[in-house]
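Letter 153 of the sequence shown, counting from 1, is numbered 257 in our numbering, and no numbers are missing.
Idealized CB from N, CA, C, for every residue including glycine.
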Amino acid sequence: MNTKSRTRKRGFQVGYREELTNRILYEFSVLDELRRAFYYQHEDAESVVKWKYGEQLNGQPQLDCYTTCSGNYSESAIRLVYEKLRPLHFITGYKLHDLIVEWILNANGFAEWEFKKRYGEYVRLRRLGILREPDEFKDFPEWARAFWELYSRLRPYRGTLTHGSSFQVLSNGDLVISKGKNQTLTLSTGQQASYVRIICLFSEFLTREKPLNTMVQDVIDNAFESLKAIHKRTRFTRKNSRIVALEVTFSEDLTISQTEGLWPIIDCSLFARHLAVMYPTGPNGRLLFSLEISASVDGQMQRWIIPIEQVPSDRLIVNPTNPLLAIHLMP
105 MNTKSRTRKR GFQVGYREEL TNRILYEFSV LDELRRAFYY QHEDAESVVK
155 WKYGEQLNGQ PQLDCYTTCS GNYSESAIRL VYEKLRPLHF ITGYKLHDLI
205 VEWILNANGF AEWEFKKRYG EYVRLRRLGI LREPDEFKDF PEWARAFWEL
255 YSRLRPYRGT LTHGSSFQVL SNGDLVISKG KNQTLTLSTG QQASYVRIIC
305 LFSEFLTREK PLNTMVQDVI DNAFESLKAI HKRTRFTRKN SRIVALEVTF
355 SEDLTISQTE GLWPIIDCSL FARHLAVMYP TGPNGRLLFS LEISASVDGQ
405 MQRWIIPIEQ VPSDRLIVNP TNPLLAIHLM P
């Protein structure tokens, strides 16, 4: 009996991201908590750097730094349990991977329960040039190819973990999965972490739960790079990127007045140079920073938070009518 069913080519219609959110809600929540608690993964600023406007020493801004903590949620006993559950990390990751694949293929009018046939349909649609994919896949085609190749190449081992017992977790945390006599897949601890991270971040940006900013892009590139032995795509390079949060405040006795036209200026290029020294990235790296500004304007406190992609490369005039500040005014 042919289990394949085809529907009309409905594409990615209004509400399609909400549909994905509903599909993956449970698996994503479990895996995302796991990656933060066990793998210590986050894409937030590693430090907060504070500067009070006007505080200088030898003509240079004086910066106070505070390291942020991503959280060590796991006591040793709990970590031991997590270690023993490494096979389930992979299975849950692949289940989430499969739900995204199913969502994409459904938008192409295809519904099929068998994993192998799903990948085959992707290949067929891509070869015909009629594959519909989310905009993010179109914007990052190499991510899309690696995403699908991982889905295909990991599929046999997912089945072994689910239905068999031909696997072991080594003392160093590596996961070894055997299929048949001559097929063995070894996922290092780093590769396991990278796979979990890719799937969680794909889930977040496809549902618009997390902005696809420069830092997240670099993190995804690095994760795909560590998995290139599996997906066989070779265009990924490791990027040593870091992100910090810069907070600028103005003293209360500093006059900032919209009625009198008195506006201070922040030299973002100066801060970029100072932060690059404080947080070196090494080869092929870049330092990214967000900018939070707090000031009293005509006696009323105002706060703006500018994301890393929109921090100016030169001077920023702290004027509430500045279009950049106007769209990032916090309530």
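Close Cβ partners of residue i (< 7 angstroms) along its chain, the five nearest in sequence each way excluded
i, result
"Y255", "H201, V205, Y223"
"T196", "E131, V134, L135"
"Y261", "I281, K283, L289"
Distance, residue j Cα to residue i Cα
i, j, result
"Q404", "T353", "14 angstroms"
"G119", "F241", "18 angstroms"
"I421", "P435", "20 angstroms"
"V152", "A349", "5 angstroms"
"V185", "S292", "18 angstroms"
"E246", "S361", "49 angstroms"
"I281", "N426", "57 angstroms"
"M319", "L392", "7 angstroms"
"S400", "V323", "37 angstroms"
"N317", "E364", "37 angstroms"
"G213", "G263", "26 angstroms"
"Q287", "L189", "22 angstroms"
"S174", "W207", "With a pLDDT of 46 at S174, under the threshold of 50, the predicted position of this residue should be treated as unreliable, though the coordinate-derived value follows. Answer to the nearest angstrom: the Cα atoms are 32 angstroms apart."
"L331", "L379", "31 angstroms"
"D402", "L192", "57 angstroms"
"S355", "I234", "59 angstroms"
"L358", "L429", "19 angstroms"
"E140", "P315", "Glu is not the amino acid found at residue 140; the sequence shown has Arg there. If I take the Cα positions, the gap works out to 18 angstroms."
"E351", "V381", "17 angstroms"
"S270", "K285", "10 angstroms"
Span of the beta strand (DSSP E), counted from its first residue to its last, around residue i
i, result
"T290", "287 to 291"
"W155", "151 to 156"
"E351", "344 to 353"
Option nearest residue i by Cα separation, candidates the options
i, options, result
"H146", "K154, E137, V227, V153", "E137"
"F375", "L124, E122, R339, K156", "K156"
"L124", "A211, E216, L189", "A211"
"S307", "G213, K199, A149", "K199"
"C304", "F194, R190, P424", "F194"
"G273", "E187, R377, A215, H432", "Here residue 273 turns out to be Val, not Gly, going by the sequence shown. The residue with the shortest Cα to Cα distance from V273 is E187."
"H432", "V401, E396, P260", "E396"
"R249", "R230, P260, L310, T264", "R230"
"N276", "K285, M382, G284, T290", "T290"
"E150", "E351, I347, L428, P191", "I347"
"D148", "L429, I412, L310, D239", "I412"
"D239", "R228, L265, R121, F271", "R121"
Close Cβ partners of residue i (< 6 angstroms) along its chain, the five nearest in sequence each way excluded
i, result
"I182", "none"
"I463", "Since the displayed the chain opens at 105 and closes at 435, residue 463 lies outside it and no answer follows."
Residue-level contact to chain C via CB, residue i, 9 angstroms cutoff
i, result
"W207", "Given the protein chain composition of this structure (a single chain), no chain C is represented."
Range covered by the alpha helix (DSSP H) that runs through residue i
i, result
"S256", "245 to 267"
"N326", "318 to 330"
"V205", "190 to 211"
"S282", "Where S282 is concerned, there is no enclosing alpha helix (DSSP H), although the beta strand (DSSP E) it sits in stretches over 279 to 283."
Neighbourhood of residue i by C-beta, 8 angstroms cutoff - its chain only, sequence neighbours within 5 removed
i, result
"E237", "I208, A248"
"E225", "L209, N212, F214, E216"
| message | Measuring CB atoms only, is the region 325 to 343 touching the region 246 to 254, in the sense that at least three cross pairs come out at less than 8 angstroms? | response | Judged by pairs of C-beta atoms under 8 angstroms, the region 325 to 343 touches the region 246 to 254, as three or more such pairs exist.
| query | For the region 315 to 333 against the region 294 to 301, are there 3 or more C-beta pairs whose distance is under 8 angstroms? | reply | Yes, since at least three Cβ pairs between the region 315 to 333 and the region 294 to 301 fall closer than 8 angstroms, the two stretches touch.
| request: Could you tell me whether the region 381 to 397 touches the region 337 to 351, where touching means 3 or more Cβ pairs closer than 8 angstroms? | output: The region 381 to 397 makes contact with the region 337 to 351; the number of CB pairs closer than 8 angstroms reaches 3 or more.
| request: May I ask you to verify whether the region 404 to 418 touches the region 370 to 384, counting CB pairs closer than 8 angstroms and requiring at least 3? | output: When C-beta atoms of the region 404 to 418 are compared with those of the region 370 to 384, three or more pairs fall below 8 angstroms, so the two segments count as touching.
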